[in-house]
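Engineer:
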Amino acid sequence: MDKERQGENRSDSEIRNLSESGSVTPLAKKQFPWLVMTLIVTHWTIFIISLYKNNCPARSGDRECILPDILGRFSFENMKQNRQLGPSIATLQEMGGLEWKPGDKDTKRWHIFTSIFIHRGLASLILSTASLLYGAIGLERTFGVVRIGLLYYLSGLSGSLWSLYKFHMSVYSGASAAATGLSGAAFSDIIINWKSHEKKFKKILRAVLGVGINFFIGIFPGVDLSIYYGGLRAGFLLGFIFLIRQQAEQAGVEHVHDGYTPKQLIYKYTIYQCVLWFIALVVIVIEYAGMLLY
81 MDKERQGENR SDSEIRNLSE SGSVTPLAKK QFPWLVMTLI VTHWTIFIIS
131 LYKNNCPARS GDRECILPDI LGRFSFENMK QNRQLGPSIA TLQEMGGLEW
181 KPGDKDTKRW HIFTSIFIHR GLASLILSTA SLLYGAIGLE RTFGVVRIGL
231 LYYLSGLSGS LWSLYKFHMS VYSGASAAAT GLSGAAFSDI IINWKSHEKK
281 FKKILRAVLG VGINFFIGIF PGVDLSIYYG GLRAGFLLGF IFLIRQQAEQ
331 AGVEHVHDGY TPKQLIYKYT IYQCVLWFIA LVVIVIEYAG MLLY
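Note that our numbering gives residue 305 to position 225 of the sequence shown, counting from 1, and the numbers run on in steps of one.
1) Is glutamine 353 helix, strand or coil by DSSP?
2) Please return the same chain residues whose Cβ sits closer than 8 Å to the Cβ of tryptophan 124, not counting the five positions on each side in sequence.
3) Quick check on the burial criterion: 16 or more other C-beta atoms within 10 angstroms. Buried or exposed for tyrosine 232?
4) Around the C-beta of phenylalanine 197, are 16 or more other C-beta atoms found within 10 angstroms, so that it is buried, or is it exposed?
5) Return the residue from the list Lys160, Arg163, Ile192 and Leu165 that minimises the CA-CA distance to glutamate 174.
6) Glutamate 144 to glycine 166, Cα distance in whole Å?
7) Contact defined as beta carbons within less than 8 Å: I believe alanine 265 pairs with leucine 323. What is the distance between those atoms, to the nearest angstrom?
8) Exposed or buried, which one is leucine 285 when buried takes at least 16 other CB atoms within 10 Å?
9) When we look at the beta-carbon of tyrosine 340 and count the other beta-carbons within 10 Å, is it buried (16 or more) or exposed?
10) Of the residues Gln353, Gly218, Ser240 and Gly229, which one's Cα is nearest the Cα of asparagine 273?
11) Can the beta-carbon of glycine 239 be found less than 8 Å from the beta-carbon of glycine 152?
12) Roughly how far, in whole angstroms, is the beta-carbon of serine 235 from the beta-carbon of leucine 289, given that I think they are within contact range, below 8 Å?
13) What does the alpha-carbon distance come out to for the pair isoleucine 169 and valine 365?
14) On the DSSP letters alone, give me the boundaries of the alpha helix (DSSP H) that arginine 227 sits inside.
15) Bridge partners of lysine 348, per DSSP?
16) Taking only the alpha-carbon atoms, compute the straight-line gap between phenylalanine 112 and serine 130 and give it to the nearest angstrom.
17) How about glutamine 164 and leucine 202: do their beta carbons lie closer than 8 Å?
18) From glycine 254 to valine 303, what does the alpha carbon distance come to, in whole angstroms?
19) Below 8 Å CB to CB, which residues in the same chain sit around lysine 83 once its five sequence neighbours on both sides are set aside?
20) Mark isoleucine 228 as exposed unless 16 or more other C-beta atoms lie within 10 angstroms of its C-beta, in which case mark it buried.
21) Apart from the five residues on each side of it in sequence, which residues of its chain come closer than 8 Å, Cβ to Cβ, to proline 137?
22) Which one of Phe320, Lys348 and Gly218 has the shortest CA to CA distance from isoleucine 359?
23) Measuring alpha carbon to alpha carbon, tell me which of Arg200, His277 and Lys283 ends up nearest glutamine 326.
24) Pull up the distance between the alpha-carbon of alanine 314 and that of threonine 171, whole angstroms please.
25) Can you give me the C-alpha to C-alpha distance between serine 268 and phenylalanine 316, rounded to a whole angstrom?
26) Given this structure, state the Cα-to-Cα distance separating leucine 212 from lysine 348, to the nearest angstrom.
27) Name the two residues that bound the continuous alpha helix (DSSP H) containing isoleucine 321.
28) Could you give the distance in angstroms between the alpha-carbon of methionine 371 and the alpha-carbon of glycine 218?
29) Grab me the residues of valine 363's own chain with a C-beta within less than 8 Å of its C-beta, minus the 5 sequence neighbours each way, in chain order.
30) Please list, in chain order, all residues of the same chain as tyrosine 214 whose beta carbon is under 7 Å from its beta carbon, the five residues on each side excluded.
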């Protein structure tokens, strides 16, 4: 009896070890989220540099700036220039934002890649930071820096392309689209790795709140929500491609006195996972090709 109990305990221990290592139900390790923190520091640094470069008092005069006596050259442009508390549109362009001019050969199309690190104003910067702290840390700890980094950048790029080519909108800032993409990826993670998740309803609510944080910026007049939608949509589809995980299945059981103990666990991709992965890949490839060849 004792030997059987010990065998049962060993089996349970092995299962727990597999679970903690990520084979059964990946548990976020308490490692420092280097990617998320690097992104946050980068975004705030670029925003502060853009305010310094803008130098509102010298550009527009103290009367046209917000808080010039307190912030000095870091003060914000007036609401006519930027309703999100930030630098002028001209400065955003100089920092890497893209102004779309159909047929203009001087349009710096390569700015579509740099705009992903630009925030239009303090409002969107704060909301993006909150979104990253709220939802992206868990994703990074579970899937690692490389996958989440690629997902973040491609979501931002897709959001910018969606706004640019679908609606011909200038992309002065695309960082918020990238953060929204990670919120979309949280949904696809739950769907495609359904068996691996516990407390599913709680995680769904958390993902919904993450999307809500990003789209809250829509209360500001003149905000281009198409870039947020494009980032969310891309992140959702890319999540099926980058975040797919093998699911644990029980290959057999051995009888013990108090019930059943797993004899062997195998890990494989299920049919529905493969179908979702393939559909997402086809849609992404077609859309990217269509927008880039537009």
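Where a beta carbon is used, it is the ideal one built from N, C-alpha and C, also for glycine.
Remember, it's a predicted structure, so these values are computed and weren't measured experimentally.
Structural biologist: Checking against the coordinates, here is how it stands:
1) Position 273 of the sequence shown holds residue 353. DSSP places glutamine 353 in the helix class (H, G or I) of the three-state scheme.
2) Counting from 1 along the sequence shown, the entry for residue 124 is found at position 44. Cβ neighbours of tryptophan 124 beyond the five flanking positions: Leu205 and Thr209.
3) As a working mapping, residue 232 is identified with position 152 in the sequence shown. Counting Cβ neighbours within 10 Å, tyrosine 232 comes out buried, since at least 16 surround it.
4) Residue mapping note: residue 197 aligns to position 117 of the sequence shown, counting from 1. Counting the other Cβ atoms within 10 Å of the Cβ of phenylalanine 197 gives 16 or more, which makes it buried.
5) In the sequence shown, residue 174 corresponds to position 94, counting from 1. Nearest option by C-alpha distance: Ile192.
6) Translated into positions along the sequence shown, residue 144 becomes position 64. Translated into positions along the sequence shown, residue 166 becomes position 86. Glycine 166 has its alpha-carbon roughly 13 Å from the corresponding atom of glutamate 144.
7) The residue you call residue 265 lines up with position 185 of the sequence shown. The residue you call residue 323 lines up with position 243 of the sequence shown. That belief holds up - the Cβ atoms of alanine 265 and leucine 323 are roughly 6 Å apart, short of 8 Å.
8) The count along the sequence shown starts at 1 and reaches residue 285 at position 205. Within a 10 Å sphere around the beta-carbon of leucine 285 sit fewer than 16 other beta-carbons, which makes this residue exposed.
9) Working through the sequence shown from its first residue, we reach residue 340 at position 260. With a pLDDT of only 49 at tyrosine 340, under the threshold of 50, the placement of this residue in the model should not be trusted, and no figure is reported.
10) On the sequence shown, position 193 is the one that residue 273 refers to. Nearest C-alpha to asparagine 273: Gln353.
11) As a working mapping, residue 239 is identified with position 159 in the sequence shown. As a working mapping, residue 152 is identified with position 72 in the sequence shown. No.
12) Reading the sequence shown from its first residue, position 155 is the one you call residue 235. Reading the sequence shown from its first residue, position 209 is the one you call residue 289. Rounded, the Cβ-Cβ distance is 18 Å, inconsistent with contact.
13) The residue labelled residue 169 in the question sits at position 89 within the sequence shown. The residue labelled residue 365 in the question sits at position 285 within the sequence shown. Looking at the two C-alpha atoms, the distance is approximately 33 Å.
14) Here residue 227 refers to the residue found at position 147 when the sequence shown is read from its first residue. Taken as a continuous stretch (DSSP letters only), the alpha helix (DSSP H) holding arginine 227 covers 225–241.
15) Looking up residue 348 in the sequence shown gives position 268. Residue pairing by DSSP places lysine 348 opposite Gln327 in a beta bridge.
16) If you number the sequence shown from 1, residue 112 lands on position 32. If you number the sequence shown from 1, residue 130 lands on position 50. When rounded, the distance between both Cα atoms is 28 Å.
17) Within the sequence shown, numbered from 1, the residue matching residue 164 stands at position 84. Within the sequence shown, numbered from 1, the residue matching residue 202 stands at position 122. Less than 8 Å divides the Cβ of glutamine 164 from the Cβ of leucine 202.
18) Numbered from its first residue, the sequence shown carries residue 254 at position 174. Numbered from its first residue, the sequence shown carries residue 303 at position 223. Distance between the alpha carbons of glycine 254 and valine 303 is about 12 Å.
19) Here residue 83 corresponds to residue number 3 of the sequence shown, with the count starting at 1. Any reading at lysine 83 must be qualified, since the residue scores a pLDDT of 40, below 50, and its modelled position is unreliable; no value is offered.
20) Locating residue 228 in the sequence shown gives position 148, where the first residue counts as 1. Of the residues assessed, isoleucine 228 falls on the buried side of the cut-off, its CB having 16 or more other CB atoms within 10 angstroms.
21) Within the sequence shown, numbered from 1, the residue matching residue 137 stands at position 57. If we look at proline 137 and ignore the five residues flanking it on each side, its Cβ neighbours are Cys145, Pro148, Gly152, Arg153 and Ser155.
22) For the purposes of this step, residue 359 is identified with residue 279 of the sequence shown, where counting begins at 1. Here the closest residue by C-alpha is Phe320.
23) Residue numbering aside, residue 326 sits at position 246 when the sequence shown is read from its first letter. Closest option to glutamine 326, judged by alpha-carbon separation, among Arg200, His277 and Lys283: His277.
24) Position 234 of the sequence shown, counted from the start, is the residue given in the question as residue 314. Position 91 of the sequence shown, counted from the start, is the residue given in the question as residue 171. Distance between alanine 314 and threonine 171, taken at the CA atoms: about 28 Å.
25) The residue you call residue 268 lines up with position 188 of the sequence shown. The residue you call residue 316 lines up with position 236 of the sequence shown. Distance between the alpha carbons of serine 268 and phenylalanine 316 is about 6 Å.
26) Counting from one through the sequence shown, the residue named residue 212 turns up at place 132. Counting from one through the sequence shown, the residue named residue 348 turns up at place 268. Their Cα atoms are separated by approximately 31 Å.
27) For the purposes of this step, residue 321 is identified with residue 241 of the sequence shown, where counting begins at 1. Start and end: 305–322.
28) Position 291 of the sequence shown, counted from the first residue, corresponds to residue 371. Position 138 of the sequence shown, counted from the first residue, corresponds to residue 218. Approximately 31 Å, taken between the alpha carbons.
29) Along the sequence shown, read from residue 1 onward, the residue named residue 363 stands at position 283. Leu317, listed in sequence order.
30) In the sequence shown, counting from the first residue as 1, residue 214 sits at position 134. These residues qualify, in order along the chain: Gly290 and Ile293.
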